[in-house]
Amino acid sequence: MLHLTLLLHLLVLSLSPAGASIHGEVPDFYGADEATGFGPVFEEQPVDTIYPEESPEAKITMNCRTRANPPATYKWMLNDMEIDLKEEGSHYSLVGGSLVISNPNKNQHVGKYSCLATNMYGTVVSREASVQFGYLDLFSSEERSSVYVKEGQGAVLLCAPPPHYPAELSFRWILNEFPTFIPLDKRRFISQLTGNLYISKVDSSDKGNYSCIASSPSISKSVFSNYIPLEPLAERPIRKYPADLKVKFPDTTALVGQNITLECFALGNPVPEIRWKKVDGQLPPNHEVRMAGAQLHLYNVQFEDGGTYKCEAMNSRGKDYHSARVSVEAFPEWEEHISSTEKDLNSDYTMSCTASGKPKPHIRWLKNGKPVDRKEMRFSRLTFDDSGMYQCIAENHHGVIYANAELRVYACAPTFEHNPVKRVLAAKNGRVVIECRPKAAPKPIFSWSKDTELIANSTRVFIWEDGSLEILNVTRADEGRYTCFAENDRGKANSTGSLLVTDSTKITLAPSNADVKVGEKAWMQCAASHDSSLDITFIWSLDGRVIDLHKESQHYERSPNGSSNGKLMIKNAQLKHAGRYTCTAQTPVDNITASADLVVRGES
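Number 366 in numbering that gives the first Met the number 0 belongs to position 367 of the sequence shown; there are no gaps in the numbering.
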């Protein structure tokens with residue numbers, strides 16, 4: 000099938016981080032358009048899905064959509080096994096390229112899904128996307144025991160959330176009845192890791208019945224625990240207790256760009272103060288202390304934010320401290336990736352991919368959806384069978400990124416249809432290159448003629464390997480019609496252009512060195528002769544920097560373009576205007592330069 004594609008080939012490139020849609024583009028090579036075939040380009044890919052077990056909508060849709068010509072056909076994999084859409088009693092159906100799971104079943108439908116899109120040019124595989132069932136069970140119906148605490152002592156009320164998925168929950172507590180939520184302050188704290196309620200010192204106003212509310216944002220469900228009675232016990236005088244840390248943040252791993260929260264809270268009377276430090280440096284500028292000191296929030300974490308963090312709790316009776324490490328790792332990110340290309344039959348080619356990340360990502364390859372056991376794709380003497388859709392995948396335990404590309408191996412007789420040899424101007428005594436760039440594969444053999452005479456390489460005339468013709472020390476005798484001939488085993492073609500020789504540009508009045516005082520005017524002369532058929536422009540630079548006469552009009556003025564004089568006036572000269580001034584006389588064919596120095600004396 001690929002042997003039929005000896006035409007103009009379109010290329011597509013897709014780069015996508017996991018979970019994002021892929022958007023590709025079909026480049027317009029040699030005037031090709033959407034009518035020319037190309038392999039599948041992902042426009043939408045499946046994403047990780049959490050299906051609430053109690054969902055009223057009895058279906059899951061895993062999206063997959065590509066742009067391809069001819070249109071792609073689709074199949075789906077579950078845990079690397081192809082899904083049989085025609086199996087009797089199947090819960091699966093295909094809508095376009097998307098997979099619909101009707102009446103999802105936890106025992107059958109949990110796993111990793113991927114979409115394969117195929118047409119005559121090859122196959123691409125989407126990112127893997129998981130389907131999991133989300134749930135949040137009810138709290139245990141067992142009665143909660145009363146908690147008795149002396150006034151002035153600290154208390155911990157355990158939430159003990161029920162089984163749930165996913166792991167992320169948020170917690171609140173109510174006192175006596177909904178919606179009387181426990182206010183959070185220096186004395187009271189709710190850990191968002193465990194759900195436990197901490198009261199640094201209990202007083203008589205804390206008496207009541209407490210209930211923990213656990214909420215799952217993923218499935219939009221909340222559940223309430225049975226009430227826990229808290230009974231403060233009067234004690235006179237109320238005793239003092241040293242700070243005692245009960246909430247201690249663990250060693251934490253964060254990804255570059257993430258926000259993280261560290262928690263610390265202490266019991267004690269008086270209520271302890273919480274302070275945060277970074278043991279091996281200053282707290283990063285992207286930090287915020289919340290919840291009366293109980294939380295340290297780090298925004299947009301970077302590698303330099305890693306290190307050991309310490310929280311200290313102190314009151315008049317004593318202090319306590321805790322430290323743990325924050326490690327910063329990173330999602331894979333491309334340093335070098337494959338790009339789509341078309342290559343000549345029998346040519347050599349190498350595809351390579353490198354990615355950064357922490358841990359260092361592992362690179363793997365797919366061709367038309369099948370694994371290829373290579374670190375890089377190195378081709379020696381490409382064949383038509385090497386054409387196809389290639390995917391480079393970089394993965395560490397934080398995620399995966401894909402680079403998709405189409406390789407086209409083509410062969411065709413030379414054609415100048417889209418790139419004929421052009422009419423070229425050259426300056427007398429100068430150098431000129433006449434390009435010969437036909438579309439051809441394999442690479443053709445080139446030859447040239449001037450008028451009716453074949454051209455041979457010499458010290459002045461040379462045919463480059465890419466077919467271009469170079470002529471040195473151009474003379475009027477070089478004017479004429481030049482024809483490039485290109486031939487390979489598929490056929491031959493030629494194209495004719497012309498060379499017109501113009502008078503070379505010459506400086507007739509060069510700038511002279513000048514010496515002025517601060518505030519005075521200075522003149523830099525510059526005039527040139529040039530071919531009368533060409534326009535000339537004068538460009539001035541100071542110490543290699545082109546002077547913008549519009550933006551710097553306060554200090555610079557020049558004769559208008561179009562004349563053969565480009566005299567420059569420096570107005571109200573300052574010390575910064577001293578240096579080497581260069582005049583460039585430029586035509587569409589050649590240019591020439593002349594320079595002089597300006598000295599500015601005095602004080603600005």
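Don't be surprised by glycine CBs; every beta carbon is placed ideally from N, CA and C.
Using 8 Å as the Cβ pair cut-off and three pairs as the minimum, do the region 506–514 and the region 439–458 touch? Using a Cβ-Cβ distance cut-off of 8 Å, the region 506–514 and the region 439–458 are not in contact, since fewer than three pairs of beta carbons, one from each stretch, lie closer than that value.
Just how far apart, CA to CA, sit Phe177 and Met290? Position 178 of the sequence shown, counting from 1, holds the residue named residue 177. Position 291 of the sequence shown, counting from 1, holds the residue named residue 290. Rounded to the nearest angstrom, the gap between the Cα atoms of Phe177 and Met290 is 22 Å.
Report the CB separation of Leu229 from Asp205 in whole angstroms; it is logged as a contact under 8 Å. Counting from 1 along the sequence shown, the entry for residue 229 is found at position 230. Counting from 1 along the sequence shown, the entry for residue 205 is found at position 206. Yes, Leu229 and Asp205 are in contact; Cβ-Cβ is about 6 Å, under 8 Å.
Does DSSP put Lys449 in a helix, a strand or coil? Numbered from 1 along the sequence shown, position 450 holds the residue referred to as residue 449. Three-state DSSP puts Lys449 in a strand.
Can you have a look at Trp463 and say buried or exposed, based on whether 16 or more other CB atoms are within 10 angstroms of its CB? Counted from its first residue, the sequence shown places residue 463 at position 464. It is exposed - the Cβ of Trp463 has fewer than 16 other Cβ atoms within 10 Å.
Between Thr193 and Arg64, what straight-line distance do the alpha-carbon atoms span, to the nearest angstrom? Numbered from its first residue, the sequence shown carries residue 193 at position 194. Numbered from its first residue, the sequence shown carries residue 64 at position 65. Cα to Cα, the separation comes out at about 41 Å.
Report yes or no: do the region 309–326 and the region 213–228 share at least 3 C-beta pairs separated by less than 8 Å? No, the region 309–326 is not in contact with the region 213–228.
Burial state of Gln107, where buried means 16 or more other Cβ atoms lie within 10 Å: Locating residue 107 in the sequence shown gives position 108, counting from the first residue. It is exposed - the Cβ of Gln107 has fewer than 16 other Cβ atoms within 10 Å.
Below 8 Å, how does it come out for the region 206–218 and the region 127–134: are there three or more Cβ pairs, yes or no? Under the 8 Å Cβ criterion, the region 206–218 counts as touching the region 127–134, having at least three qualifying pairs.
Nearest to Arg600 by alpha carbon, out of Gly305, Leu254, Val515? The residue given as residue 600 occupies position 601 in the sequence shown. Comparing Cα-Cα distances from Arg600 to each of Gly305, Leu254, Val515, the minimum goes to Val515.
What are the start and end residues of the alpha helix (DSSP H) that includes Lys74? Translated into positions along the sequence shown, residue 74 becomes position 75. Here Lys74 belongs to no alpha helix (DSSP H); instead the beta strand (DSSP E) covers 72–77.
Span separating the alpha-carbon of Cys607 from that of Leu98: Shown here, the chain extends from 0 to 603; a query on residue 607 therefore has no answer.
Keeping to the same chain, check which residues put their C-beta closer than 8 Å to that of Ala242; ignore five residues upstream and five downstream. As a first step, residue 242 is located in the sequence shown; it is residue number 243 there, counting from the start. Ala265, Leu266, Gly267, Pro271, Ala312, Met313, Asn314, Arg316, Gly317, Lys318, Asp319, listed in sequence order.
Is the beta carbon of Tyr73 less than 7 Å from the beta carbon of Gly96? Working through the sequence shown from its first residue, we reach residue 73 at position 74. Working through the sequence shown from its first residue, we reach residue 96 at position 97. In this structure, Gly96 lies closer than 7 Å to Tyr73 by Cβ.
For Trp364, count the other beta carbons within 10 Å of its own beta carbon; 16 or more makes it buried, fewer makes it exposed. Which is it? Start at 1 with the first residue of the sequence shown, and residue 364 comes out as number 365. That one is buried.
Check each candidate in Phe248, Ala402, His554, Phe138 and name the one with the smallest Cα separation from Ser606. Residue 606 lies beyond the range of the chain shown here (0 to 603); nothing can be said about it.
Residue of Lys566, Ser497, Thr252, Gly306 minimising C-alpha distance to Ser511: As a working note, residue 511 is residue 512 in the sequence shown. Closest by C-alpha distance to Ser511, out of Lys566, Ser497, Thr252, Gly306, is Lys566.
What's the call for Leu232, buried or exposed, on a 16-neighbour Cβ count within 10 Å? As a first step, residue 232 must be located in the sequence shown, where it is residue number 233. Burial check for Leu232: the Cβ neighbour count within 10 Å stays below 16, so the residue is exposed.
Can you give me the start and stop residues for the alpha helix (DSSP H) that Lys105 sits inside? In the sequence shown, the residue the question calls residue 105 occupies position 106. Annotation for Lys105: the continuous alpha helix (DSSP H) segment containing it runs 105–108.
Terminal residues of the continuous beta strand (DSSP E) containing Gln585? For this step, residue 585 is matched to residue 586 along the sequence shown. Unbroken beta strand (DSSP E) run through Gln585: 578–585.
Helix, strand or coil at Ser594 [DSSP, three-state]: Against the sequence shown, residue 594 aligns to sequence position 595. Look at Ser594 here: in three-state DSSP terms it is strand.
Alpha carbon of His163 to alpha carbon of Phe170, nearest angstrom: The sequence position of residue 163 within the sequence shown is 164, counting from 1. The sequence position of residue 170 within the sequence shown is 171, counting from 1. Cα to Cα, the separation comes out at about 13 Å.
Do you know whose CA, among Arg66, Lys105, Pro69, lies nearest Ser54's CA? Here residue 54 corresponds to residue number 55 of the sequence shown, with the count starting at 1. Taking only the C-alpha atoms, the option nearest Ser54 is Lys105.
Should Leu196 be labelled buried (16 or more other beta-carbon atoms within 10 Å of its own) or exposed? Within the sequence shown, the letter at position 197 stands for residue 196. So Leu196 counts as buried.
Per-residue DSSP class, three states only, for Ile97: The residue labelled residue 97 in the question sits at position 98 within the sequence shown. A small fix is needed here, since residue 97 is Ser in this sequence, not Ile. Ser97: strand per DSSP, three-state reduction.
By how many angstroms is the C-alpha of Tyr409 removed from the C-alpha of His8? The count along the sequence shown starts at 1 and reaches residue 8 at position 9. The count along the sequence shown starts at 1 and reaches residue 409 at position 410. In this prediction, His8 has a pLDDT of 32, which is less than 50 and means its spatial position is unreliable; nothing more can be read from the coordinates.
For Glu334 and Ser355, which I take to be in contact (beta-carbon distance under 8 Å), what is that distance rounded to the nearest angstrom? Indexing the sequence shown from 1 puts residue 334 at position 335. Indexing the sequence shown from 1 puts residue 355 at position 356. About 5 Å separates the two Cβ atoms, so the contact holds.
For Ile392, does the count of other Cβ atoms within 10 angstroms reach 16, so buried, or fall short, so exposed? Translated into positions along the sequence shown, residue 392 becomes position 393. Counting Cβ neighbours within 10 Å, Ile392 comes out buried, since at least 16 surround it.
Measuring straight from C-alpha to C-alpha, what distance separates Leu498 and Leu574? As a first step, residue 498 must be located in the sequence shown, where it is residue number 499. As a first step, residue 574 must be located in the sequence shown, where it is residue number 575. Straight-line Cα distance between these residues: approximately 48 Å.
When the Cα atoms are used, what is the spatial distance from Thr349 to Val40? The residue given as residue 349 occupies position 350 in the sequence shown. The residue given as residue 40 occupies position 41 in the sequence shown. C-alpha separation (whole angstroms): 22 Å.
Are Val420 and Ser338 closer than 7 Å when you measure CB to CB? Walking along the sequence shown from the start, residue 420 turns up at place 421. Walking along the sequence shown from the start, residue 338 turns up at place 339. Cβ distance not < 7 Å, so Val420 and Ser338 don't count as in contact.
Buried or exposed: Ile21, going by 16 or more other Cβ atoms within 10 Å of its Cβ? One-based indexing of the sequence shown puts residue 21 at position 22. Unreliable positioning characterises Ile21 in this predicted model, as indicated by a pLDDT of 35, which lies under 50. The coordinate reading is nonetheless provided below. Classification for Ile21: buried.
Using three-state DSSP, classify Asp385 as helix, strand or coil. On the sequence shown, residue 385 is found 386 positions in, with the first residue counted as 1. Three-state result, Asp385: helix.
With DSSP run on the structure shown, which of helix, strand or coil describes Asp304? Position 305 of the sequence shown, counting from 1, holds the residue named residue 304. Three-state DSSP puts Asp304 in a helix.
Using three-state DSSP, classify Arg363 as helix, strand or coil. Sequence index remark: in the sequence shown, residue 363 carries index 364 (1-based). Arg363: strand per DSSP, three-state reduction.
How many Å lie between Asn472 and Val432 at the Cα? In the sequence shown, the residue the question calls residue 472 occupies position 473. In the sequence shown, the residue the question calls residue 432 occupies position 433. Each residue's alpha carbon lies about 12 Å from the other.
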